[in-house]
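Following: one structure in C-alpha coordinates, then a few remarks.
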Amino acid sequence: MAVTIYGIKNCDTMKKARSWLEEHSVAYEFHDYKALGIDRAHLETWIDQAGLDTVLNRAGTTFRKLPDAERENLTREKAIALMLDQPSMIKRPVLEAKGKLLVGFKPEMYAGTFGG
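Quick note on numbering: the sequence shown equals residues 1 to 116 in the UniProt record's numbering.
So, in C-alpha coordinates, the structure goes:
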(Lines of atoms letter the chains of each structure in order from A and count residues from 1; the text may use other names and numbers.)
(Lines give C-alpha, C1' and ligand atoms only; values in the text may rest on other atoms or scores of the structure.)
Protein backbone atom coordinates (compact mmCIF):
# COMPACT_ATOMS: atom_id res chain seq x y z
CA MET A 1 0.00 0.00 0.00
CA ALA A 2 1.38 3.38 -1.00
CA VAL A 3 1.40 5.94 1.79
CA THR A 4 2.61 9.46 1.13
CA ILE A 5 2.85 12.15 3.76
CA TYR A 6 3.19 15.74 2.60
CA GLY A 7 4.51 18.56 4.72
CA ILE A 8 7.56 20.44 5.88
CA LYS A 9 10.57 18.73 7.40
CA ASN A 10 10.99 20.87 10.52
CA CYS A 11 7.33 21.21 11.51
CA ASP A 12 6.59 19.82 15.00
CA THR A 13 3.25 18.35 13.92
CA MET A 14 4.98 16.63 11.01
CA LYS A 15 7.52 15.14 13.41
CA LYS A 16 4.70 13.74 15.57
CA ALA A 17 2.92 12.26 12.54
CA ARG A 18 6.07 10.69 11.13
CA SER A 19 6.97 9.27 14.56
CA TRP A 20 3.49 7.75 14.85
CA LEU A 21 3.85 6.10 11.43
CA GLU A 22 7.30 4.75 12.32
CA GLU A 23 6.19 3.47 15.74
CA HIS A 24 3.31 1.61 14.06
CA SER A 25 5.53 0.20 11.27
CA VAL A 26 3.73 2.07 8.51
CA ALA A 27 6.04 2.51 5.54
CA TYR A 28 5.64 5.89 3.91
CA GLU A 29 7.16 8.28 1.43
CA PHE A 30 7.75 11.84 2.66
CA HIS A 31 7.19 14.73 0.25
CA ASP A 32 8.57 18.02 1.57
CA TYR A 33 6.46 20.56 -0.28
CA LYS A 34 8.59 23.43 0.91
CA ALA A 35 11.66 21.90 -0.78
CA LEU A 36 9.98 20.04 -3.65
CA GLY A 37 6.91 22.18 -4.19
CA ILE A 38 3.40 20.95 -4.86
CA ASP A 39 1.40 20.92 -8.06
CA ARG A 40 -2.01 22.39 -8.79
CA ALA A 41 -3.56 18.95 -9.35
CA HIS A 42 -2.76 17.85 -5.79
CA LEU A 43 -4.16 21.04 -4.29
CA GLU A 44 -7.35 20.82 -6.36
CA THR A 45 -7.87 17.17 -5.40
CA TRP A 46 -7.23 17.87 -1.71
CA ILE A 47 -9.64 20.82 -1.72
CA ASP A 48 -12.28 18.74 -3.54
CA GLN A 49 -11.94 15.96 -0.95
CA ALA A 50 -11.38 17.90 2.27
CA GLY A 51 -12.51 21.46 1.57
CA LEU A 52 -10.59 24.69 1.23
CA ASP A 53 -10.92 25.57 4.92
CA THR A 54 -9.28 22.26 5.85
CA VAL A 55 -6.38 22.51 3.39
CA LEU A 56 -5.52 26.20 3.76
CA ASN A 57 -3.67 26.94 7.00
CA ARG A 58 -5.19 30.30 7.93
CA ALA A 59 -3.75 30.07 11.46
CA GLY A 60 -0.13 29.85 10.28
CA THR A 61 2.23 32.80 10.35
CA THR A 62 2.76 32.73 6.57
CA PHE A 63 -0.94 33.35 5.95
CA ARG A 64 -1.29 35.86 8.78
CA LYS A 65 1.63 37.92 7.43
CA LEU A 66 -0.14 38.42 4.09
CA PRO A 67 -1.48 41.90 3.39
CA ASP A 68 -5.17 42.22 4.25
CA ALA A 69 -6.05 42.60 0.56
CA GLU A 70 -4.66 39.12 -0.19
CA ARG A 71 -6.46 37.48 2.75
CA GLU A 72 -9.85 39.04 2.09
CA ASN A 73 -12.41 37.70 -0.41
CA LEU A 74 -10.39 34.53 -0.78
CA THR A 75 -11.66 32.45 -3.67
CA ARG A 76 -10.64 28.87 -4.37
CA GLU A 77 -8.47 30.05 -7.28
CA LYS A 78 -6.79 32.78 -5.23
CA ALA A 79 -6.11 30.34 -2.38
CA ILE A 80 -4.58 27.77 -4.75
CA ALA A 81 -2.33 30.46 -6.23
CA LEU A 82 -1.18 31.46 -2.72
CA MET A 83 -0.48 27.84 -1.71
CA LEU A 84 1.43 27.17 -4.94
CA ASP A 85 3.53 30.26 -4.32
CA GLN A 86 4.01 29.61 -0.59
CA PRO A 87 3.45 25.94 0.32
CA SER A 88 3.83 26.81 4.01
CA MET A 89 0.18 27.90 3.79
CA ILE A 90 -0.92 24.28 3.32
CA LYS A 91 -2.06 22.61 6.53
CA ARG A 92 0.14 19.74 7.54
CA PRO A 93 0.53 16.97 7.41
CA VAL A 94 -1.48 15.85 4.43
CA LEU A 95 -1.48 12.06 4.23
CA GLU A 96 -2.69 9.99 1.29
CA ALA A 97 -3.30 6.31 2.11
CA LYS A 98 -5.83 3.58 1.41
CA GLY A 99 -7.80 5.89 -0.85
CA LYS A 100 -8.20 8.33 2.04
CA LEU A 101 -6.97 11.84 2.63
CA LEU A 102 -6.06 12.83 6.19
CA VAL A 103 -5.28 16.48 6.86
CA GLY A 104 -3.69 17.40 10.17
CA PHE A 105 -2.50 14.92 12.77
CA LYS A 106 -4.49 13.24 15.50
CA PRO A 107 -3.28 9.83 16.71
CA GLU A 108 -6.85 8.47 16.78
CA MET A 109 -7.39 9.53 13.16
CA TYR A 110 -4.26 7.66 12.07
CA ALA A 111 -5.21 4.65 14.21
CA GLY A 112 -8.59 4.56 12.48
CA THR A 113 -6.87 4.29 9.12
CA PHE A 114 -3.92 2.03 9.98
CA GLY A 115 -4.99 0.26 13.16
CA GLY A 116 -2.99 0.39 16.35
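By construction, the Cβ of each residue, glycine as well, lies at the ideal position given by its N, Cα and C atoms.
Problem - Coil, strand or helix - D39 by DSSP - result: On the sequence shown, residue 39 is found 39 positions in, with the first residue counted as 1. Coil, per DSSP.
Problem - Pair within 9 Å by beta-carbon distance, V3 and E29 - result: Taking the sequence shown and counting its residues from 1, the one referred to as residue 3 is at position 3. Taking the sequence shown and counting its residues from 1, the one referred to as residue 29 is at position 29. Contact: yes.
Handout entry: Reduced DSSP category for G6 - H, G, I as helix; E, B as strand; rest coil
Key = Position 6 of the sequence shown, counted from the first residue, corresponds to residue 6. According to the sequence displayed, residue 6 carries Tyr and not Gly. Residue state, collapsed to three classes: strand.
Exercise for the section: Establish whether the CB of L82 and some CB of chain B are separated by less than 9 Å. Expected result: In the displayed structure, chain B is absent; only one protein chain is listed.
Practice task
Please list, in chain order, all residues of the same chain as L66 whose beta carbon is under 8 Å from its beta carbon, the five residues on each side excluded.
Solution key: The residue given as residue 66 occupies position 66 in the sequence shown. If we look at L66 and ignore the five residues flanking it on each side, its Cβ neighbours are L82.
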